[in-house]
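>
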Amino acid sequence: MSTAMAPPPTPSAAPEQRGLGDYARERLTSLRQGELGSLPIIIGLVVIAIIFQTQNDRFLTAGNFVNLIVQSAAIITIAMGVVWVLLLGEIDLSIGYVSGVAGVLTALLLTPDGNELPTAVVILLAIVAGAAIGTLHGLIITRIGIPSFVVTLAGLLAWNGVVLLLIGSRGTVILQDEFTIGLANEFLSDAAAWLLVLVCVGVYAASQLNEIRVRRKAGLDHEPVSLAALRIAGLALVLGIVVYVVNQDRGLPYVFLLVAALLLFWTFVLQRTRFGRKVFAVGGNAEAARRAGIDVNRIRVAVFAISSSMAAIGGIILASRLRSVDTNAGGGSILLYSIAAAVIGGTSLFGGRGTIKSALLGALVIASIDNGLGLLGLGSGEKFVITGGVLLLAVTVDSLSRRAQAQSGRA
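Counting in the working numbering, the sequence shown runs from 8 upward without gaps.
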């Protein structure tokens, strides 16, 4: 009696590798279907630079470029926190005065009266205070069911009052801690800046090539090495230009390192962790996320805690740049510019879509407009009108993009 031998299993074919041309065609197709990504904002930055340079030849100078980095640092930082809230389709109107509370606390606790705490402890306490405020907002929103707009609007008023109470009759508190002041007013040496470029490019290249190696070893689809090489070369070119330009003036500000570190950290959390995937899930469809076992309320509370923590860091940066805090700390255009930066950069007001880098791009647009109009001698009225128009244009582009994706079946 013979037994039939089962044929040996056929090894699964390795996925067909796509070339650089395939990726280019896919990207072109995505653009036609409404997935614009960062392209509109990059084009906008180029147009802004050209317009202001033709009107005032000081705009594209090394000194003004360094000013732009320092001026935009606080807004970029606060806007990174705003991105998390917008991804859920929520809003946080308290971030301006939360940043003010953190800045005032930092200045007061570092006043040299013989009882001041160590700088690191004070900065940590200010950030923890911000996180606690965001957690409180999140708990009120989730446990009581009050809309985030109302809760954070109440927070805007309440934390404005706290700033006034903390300042008291002082009027202005001068920041006297050298480390905190140096955060936005000290600069790397030329050699240190170039060494930083080499380290950053080297780490990025290693991570890109390692990801390709791991996916290839697992038999998964991976991008061609040529595409990774283009990204690496692009990063090296951008960083090289930035360092070359700033070294013609004062150098690379220390605050640039802080903002870059926060950008990398939160990008990793959003794109590479389970928490980030849950945020996208809740923002895309909260009910579906709840049925999938995601604790939606916990995600909401965590996101508001992140938003207020980043606002606190932004407040410390702003206090460092101004070397003082006063009764207007956290006021003015900080709130509007921070939210506008996230939206202009590409984060959707409808939730479920956005990136951390959108805060960077949007803040650069706002800072460039503010800086350029200042060089032309125009006042706050013109700045607000133009920034409002840019914000409306960004939301319109986002709405049209979503409509195009829905029609193409990609939404």
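Just so it is clear, CB atoms sit at the ideal spot from N, CA and C, and this is done for glycine as well. Values in this document were obtained by computation on a predicted structure and should not be read as measured data.
State buried or exposed for Ala295, treating a residue as buried only when at least 16 other CB atoms are found within 10 Å of its CB.
exposed
> For Ile181, name the three-state secondary structure that DSSP assigns.
In the structure shown, Ile181 falls within a strand segment according to DSSP collapsed to helix, strand and coil.
> Identify the continuous alpha helix (DSSP H) that holds Ser316 and give its terminal residues.
Val303 to Leu329
> With the cut-off set at 8 Å, would you say Ile181 and Ser331 are in Cβ contact?
Against a cut-off of 8 Å, the Cβ pair of Ser331 and Ile181 comes out as a contact.
> Mapping DSSP to helix, strand and coil, what is Asp228?
coil
> Enumerate in chain order the residues of its own chain whose CB-to-CB distance from Ile313 is below 6 Å, with the five nearest sequence positions on each side excluded.
Gly88 and Trp91
> Taking the alpha helix (DSSP H) that Asp377 belongs to, which residues open and close that run?
Lys364 to Leu382
> Give me, in chain order, the residues of the same chain whose beta-carbon lies closer than 6 Å to that of Lys390; leave out the 5 immediate sequence neighbours on both sides.
Answer for Lys390: Asp377 and Leu380, listed in chain order.
> Let me check one thing: in DSSP terms, what residues is Asp333 bridge-paired to?
Beta-bridge partners of Asp333 (DSSP): Thr179.
> For Gly178 and Leu163, what's the separation of their Cα atoms in angstroms?
A straight line joining the alpha-carbon of Gly178 with that of Leu163 spans about 20 Å.
> Can you give the Cα-Cα distance for Ile130 and Ile320, rounded to whole angstroms?
8 Å
> Can the beta-carbon of Ala109 be found closer than 8 Å to that of Ala133?
The answer is yes: Cβ separation under 8 Å.
> Going by the DSSP bridge assignment, what does Phe194 pair with across the sheet?
Pro260
> Going by the beta-carbon positions, is the gap between Val262 and Ala366 smaller than 8 Å?
no
> With burial defined as no fewer than 16 other Cβ atoms inside 10 Å of the residue's Cβ, what is the status of Leu399: buried or exposed?
Classification for Leu399: exposed.
> Quick one: what does DSSP say Phe287 is sitting in, helix, strand or coil?
If DSSP states are grouped into helix, strand and coil, Phe287 belongs with the helices.
> What's the gap between the Cα of Phe59 and the Cα of Gly103?
28 Å
> Evaluate Phe194 with the Cβ neighbour count: other Cβ atoms within 10 Å of its Cβ, from every protein chain shown; 16 or more gives buried, anything less gives exposed.
buried
> Determine the DSSP secondary structure at Glu33, reduced to helix, strand or coil.
helix
> How far does the alpha helix (DSSP H) with Ile83 in it extend, from its first residue to its last?
Ala69 to Leu94
> What are the boundary residues of the alpha helix (DSSP H) that Ile148 is part of?
Counting along the chain, no alpha helix (DSSP H) covers Ile148, and no H or E run does either.
> Which one of Asn304, Pro47 and Thr334 has the shortest CA to CA distance from Ser176?
Thr334
> Applying the criterion that 16 or more other CB atoms from any shown protein chain within 10 Å of the CB defines a buried residue, is Ala240 buried or exposed?
Around the C-beta of Ala240, fewer than 16 other C-beta atoms lie within 10 Å, and the residue is accordingly described as exposed.
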